[in-house]
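Same order as they appear, the protein sequences are chains A and B. Under numbering that gives the first Met the number 0, the residues of the first sequence are numbered 0 to 102, in order. Under numbering that gives the first Met the number 0, the residues of the second sequence are numbered 0 to 148, in order. Ideal placement from N, C-alpha and C gives every residue a C-beta, glycine not left out. Since the structure comes first, as structure tokens, the remarks are kept for the end.
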Amino acid sequence: MAPATARPPAPAETPIESPAGSERPVRDPGWDVLVWNDPITLMSYVVLVFRRLFGYDFETATRLMLQVHHEGKAVVATQPREQAEVTVSRLHGFGLQATMGRE
Amino acid sequence: MAEVRKRRGRIQIRLDADERAALLMIVEQLAPSLGQVRRTVPVAYDDPELQAEYDRWVRPDIEQSRQADLDVMRDCIGSGEDVTVLTEEQALAWARGLNLLRITAGGLMGVEEDGWEQHADAAVRNSPDFRVLLALGLIQEELVSVLEG
């Protein structure tokens, strides 16, 4: 990902339920939502998307973004299949490289 | 120079006439390539059958929303005003649209690795495509900053 400047936290809108960050959801887990690194997308934009979609605080969103950047991918949520597909489609709407697979 | 800021809770984007003309040209030049660059193709599954279902039922909505984002940009650029006030949703549409344009431009340039900005040689740095990527990135960075602020 392309470098970005750190930003202060801001409230998220319409977060997706049951996100997984440092904590995995306990309700019917099954499909991991993965976000993959790409060299063009700004780091700050990825943080914004994670915060808006999942309601993550700035630190959690930044940690996940850096995991994507350094490791090439990160699991950003674990959800039942239909919900995971909605999450992936919303990430695609934001232009992120996202896939889903069984946990 | 293009500027995005928040004043009294309202998001404003400032683009002079030359910047609006250049941005509109970039949008119209890159828009036909959406979906042709690998990273703009929404791939959700490894399984071909599941992906085919995704392509059939979900991808059209994604492509429609992307076009809607570009239309928000076109409407703003075409307003003829140097300063346009954006709603939060319009600002998000701009951020998404700029990201899509950058991914498309980067794909057409053959960018595949992180650090492309630092590793580009002088010829690439002076190319119009490289400058487009940087210029769109600067506007997007300002938008993200305002949206996070």
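Under 7 Å by beta carbon: chain B residues contacting residue i
i	result
residue 31(A)	In chain order: nothing, as chain B lies at least about 12 Å away.
residue 0(A)	113
Straight-line gap, residue i to residue j (C-alpha atoms, nearest Å)
i	j	result
residue 113(B)	residue 24(B)	27 Å
residue 139(B)	residue 35(B)	22 Å
residue 68(B)	residue 82(A)	24 Å
residue 44(B)	residue 86(A)	13 Å
residue 149(B)	residue 22(B)	Missing from the structure shown is residue 149(B); chain B here goes from 0 to 148 and no further.
residue 97(B)	residue 53(B)	25 Å
residue 71(A)	residue 99(A)	15 Å
residue 12(A)	residue 122(B)	Because the pLDDT at residue 12(A) is just 49, under 50, the model does not fix this residue reliably, and the value given afterwards should be weighed accordingly. Each residue's alpha carbon lies about 43 Å from the other.
residue 29(A)	residue 2(B)	44 Å
residue 59(A)	residue 74(B)	35 Å
residue 107(B)	residue 40(A)	15 Å
residue 109(B)	residue 48(B)	29 Å
residue 80(A)	residue 95(A)	19 Å
residue 118(B)	residue 111(B)	12 Å
residue 115(B)	residue 4(B)	28 Å
residue 95(B)	residue 142(B)	10 Å
residue 101(A)	residue 120(B)	42 Å
residue 0(B)	residue 78(A)	44 Å
residue 55(A)	residue 148(B)	16 Å
residue 80(B)	residue 46(B)	48 Å
residue 27(B)	residue 18(B)	14 Å
residue 105(B)	residue 49(A)	22 Å
residue 84(A)	residue 92(B)	21 Å
Residue i vs residue j beta-carbon contact at 7 Å
i	j	result
residue 76(B)	residue 92(A)	no
residue 76(A)	residue 32(A)	yes
residue 13(B)	residue 84(B)	no
residue 97(A)	residue 45(A)	no
residue 37(A)	residue 65(B)	no
residue 100(B)	residue 29(B)	yes
residue 50(B)	residue 71(B)	no
residue 33(B)	residue 103(B)	yes
residue 89(A)	residue 52(A)	yes
Proximal residues of chain A, C-beta to C-beta of residue i below 9 Å
i	result
residue 131(B)	Within chain A, no residue comes near residue 131(B); the closest Cβ sits about 12 Å away, beyond 9 Å.
residue 153(B)	Chain B is shown only over 0 to 148; residue 153(B) falls outside these bounds and no answer can be derived.
Chain-ordered neighbours of residue i on chain A, where CB pairs are closer than 8 Å
i	result
residue 139(B)	41, 44
residue 102(B)	37, 39, 40, 94
residue 85(B)	Result: empty, since nearest Cβ-Cβ is about 15 Å, beyond 8 Å.
residue 64(B)	92
Where residue i meets chain B, residues with beta-carbon distance less than 8 Å
i	result
residue 104(A)	What is shown of chain A runs 0 to 102, which leaves residue 104(A) out entirely.
residue 98(A)	42, 43, 44, 45
residue 47(A)	94, 143, 146, 147
Closer than 7 Å at the beta carbon, the chain A residues around residue i
i	result
residue 61(B)	88, 91, 92
residue 78(B)	Neighbours of residue 78(B) on chain A: none; closest Cβ ~24 Å, over 7 Å.
residue 38(B)	37, 96
residue 110(B)	38, 39
Under 8 Å from the C-beta of residue i: neighbouring residues of chain E
i	result
residue 84(A)	Of the protein chains in the structure, A and B, none is chain E.
For this session: Evaluate the contact criterion for the segment 66-75 of chain A versus the segment 2-10 of chain B: three or more CB pairs, one atom per stretch, below 8 Å.
Result: no
Exercise. Can you list, in chain order, the stretches of the beta strand (DSSP E) that have 3 or more residues and sit fully within the segment 28-69 of chain A?
Worked result: Listed in chain order, the beta strand (DSSP E) runs fully inside the segment 28-69 of chain A are 30-35, counting runs of at least 3 residues.
For this session: May I ask you to verify whether the segment 120-134 of chain B touches the segment 52-60 of chain B, counting CB pairs closer than 8 Å and requiring at least 3?
Result: no
For this session: May I have a chain-ordered list of the beta strand (DSSP E) segments no shorter than 3 residues that lie completely inside the segment 75-115 of chain B?
Result: 82-85
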